[in-house]
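Taking it in order: structure first as structure tokens, then the write-up.
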Amino acid sequence: MGLISGFEDLEKRIVGQGACTGCGACVISCQYKDIIEYSEGKPNSVGECQICGFCSHVCPRYALQRTELERFVFGRVRKREEDFGVCRDIYVAKSTDNEVLKHCQDGGVATALINMALDSDIIDGAIISGVNPSIPWLPMPFFSTNKHETVRYAGTRYTYSPNLLALGKNTGEFARLAFVGTPCQIRALRQMEKILYCIRPDLDKKIYFLAFTIGLFCSESFTYEGLMQKKIQNEMGIDLNDIEKINIKGGMLLTLKNGKTVKIPLKEVRPYAEEKCAYCDDFSAEFADISLGGVGLDRRTFAVIRTEQGEKIFNQAIQQKKLDIKPVNEFARAYNLLIRLSKNKQSNARKIEEQYIIAKK
Ligand SMILES: Cc1cc2nc3c(=O)[nH]c(=O)nc-3n(C[C@H](O)[C@H](O)[C@H](O)COP(=O)(O)OP(=O)(O)OC[C@H]3O[C@@H](n4cnc5c(N)ncnc54)[C@H](O)[C@@H]3O)c2cc1C
């Protein structure tokens, strides 16, 4: 493992190119204090880099070796037919808890799994995304230790929430945590696990870091200033405090607290997509223990179980009757959409990468 590139190189090749995801992995992994700071959605240099190399190693955009990472996480690389990454099992599921169903995005599976793990003493807490108490719909990383909080912060905010920053603050090496995040965050986490494993090979890699990871399917995220303020608040005249829920099903659907639904065509929200997301080739959080998405389903979540640990957690939730499951063959449309969106993202990212290589020549 080459650990030679410092933050200066990362800043030039990733942050400066507009490819930085803003995940914050470099900030929390730096082995020195006060070298990299997280501000305005990205890492910034505030001290002299000592070139520990951790920042570039954990970055999900910097020289990530997909097959090497697959071997580390799954013990094998994906098969040719695994278009959306290594997969052990697939279900379409929903929570059996009415409180969760009231607040969740799709079937409430993410929240149901975390709640089951809290109840069963599998974890002490979970890193999720909360909401800034004074700025409506602005997500923020959140460390939750109880069901009241996980239910309150269920649902999707379509703007970026750097959940890894909460991990940096709330974990010791041996904390028992679950982590919910976007595909880029899950990739960074796995790179972090890998680097820790290289330093401490005596530790069981599945024990010392996280109990389990939940990855969210993700086409892209949007800028808060663009989508929430410019489009929805200023152009459409909707007070953000009046929005109950935002979902993407064919278009962007705003469910208002007065019961009305407003639909925004996707082509009207696309201009506010984060440019950095164009570099991403991972739709379905291909390195998570369990990956979840809505893929056009009505109040159910599509669940891809990828690891043995993910299977154990998911099965435990089924056994405890926390999840109502259906076989995936009843949902061919969602399955095909997952394949299509995965392939689209892979080929779009390849094109961007090629343009970048040509521009550098
Ligand atoms: C930016 C973004 C884009 C997405 N795009 C797609 C898509 O194109 N297609 C698709 O099928 N699914 C997409 N999803 C996933 C989908 O919206 C649901 O999160 C998923 O189906 C799980 O639903 P659930 O009801 O099981 O989760 P819930 O039980 O409602 O739990 C959702 C969890 O996500 C966390 N969360 C909320 N917002 C964020 C955020 N911004 N970043 C990180 N964590 C967050 C919450 O804290 C909560 O723990 C996207 C999610 C995000 C965050």
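Positions 109 to 469 (my numbering) are the ones given, in order, by the sequence shown. Glycine included, every Cβ here is placed at the ideal spot set by N, Cα and C. The structure presented is a predicted model; accordingly, all values stated were derived computationally and were not measured.
- If the five residues before and after Arg196 are omitted, its C-beta is found closer than 8 Å to the C-beta atoms of Ile413, Arg414, Thr415, Glu416, Gly418, Glu419, all from its own chain and listed in chain order.
- Taking 6 Å as the cut-off, the C-beta of Pro247 counts as close to a heavy atom of ligand 1.
- The three-state secondary structure of Asn240, taken from DSSP, is coil.
- For Leu405, the three-state secondary structure derived from DSSP is coil.
- Counting of Cβ neighbours within 10 angstroms places Ser392 among the buried residues, the total reaching 16 or more.
- Between Ser329 and Glu382, the gap from beta carbon to beta carbon is short of 7 Å.
- Membership of Ser164 in the alpha helix (DSSP H) is indicated by the continuous run 162-166.
- With distances taken between CA atoms, Asp205 lies nearest to Ile426 out of Cys167, Ile426, Asn444.
- The closest heavy atom of ligand 1 lies less than 6 Å from the beta carbon of Cys326.
- In the displayed model, Ile460 falls within a helix according to three-state DSSP.
- In this structure, Lys368 lies away from Leu361, with their beta-carbon atoms at least 7 Å apart.
- Annotation: Asp432 to Met300 spans about 34 Å, alpha carbon to alpha carbon.
- Of the candidates Phe320, Asp117, Glu145, Cys160, Glu145 places its Cα closest to the Cα of Val154.
- DSSP places Phe180 in the helix class (H, G or I) of the three-state scheme.
- For Val154, the Cβ stays outside the 6 Å cut-off from all heavy atoms of ligand 1.
- Pairing Tyr380 with Leu335 gives a Cβ-Cβ distance under 7 Å.
- DSSP lists Asn152 as the bridge partner or partners of Glu145.
- Rounded to whole angstroms, the separation of the alpha carbons of Leu272 and Ala234 is 11 Å.
- Cβ contact annotation for Asp232 (same chain, cutoff 6 Å, sequence separation greater than five): Arg284, in chain order.
- Distance from the CA atom of Gly126 to the CA atom of Glu156, rounded to whole angstroms, is 22 Å.
- Along the length of the segment 314-395, whole alpha helix (DSSP H) runs at least 4 residues long occupy 374-377, reported in chain order.
- Of all alpha-carbon atoms in Thr219, Ser113, Ala225, the one lying nearest the alpha-carbon of Ala171 is that of Ser113.
- Secondary structure note for Asp197: it is in no alpha helix (DSSP H), and the uninterrupted beta strand (DSSP E) holding it is 197-203.
- Exposure of Gln173 is indicated by the presence of fewer than 16 other C-beta atoms within 10 angstroms of its C-beta.
- Distances from the CA of Lys120 to each of Gly132, Ser164, Cys138, Lys141 were compared; the closest alpha carbon is that of Ser164.
- Using a cutoff of 6 Å, the CB of Ala201 does not count as near ligand 1, since none of the ligand's heavy atoms is closer than that.
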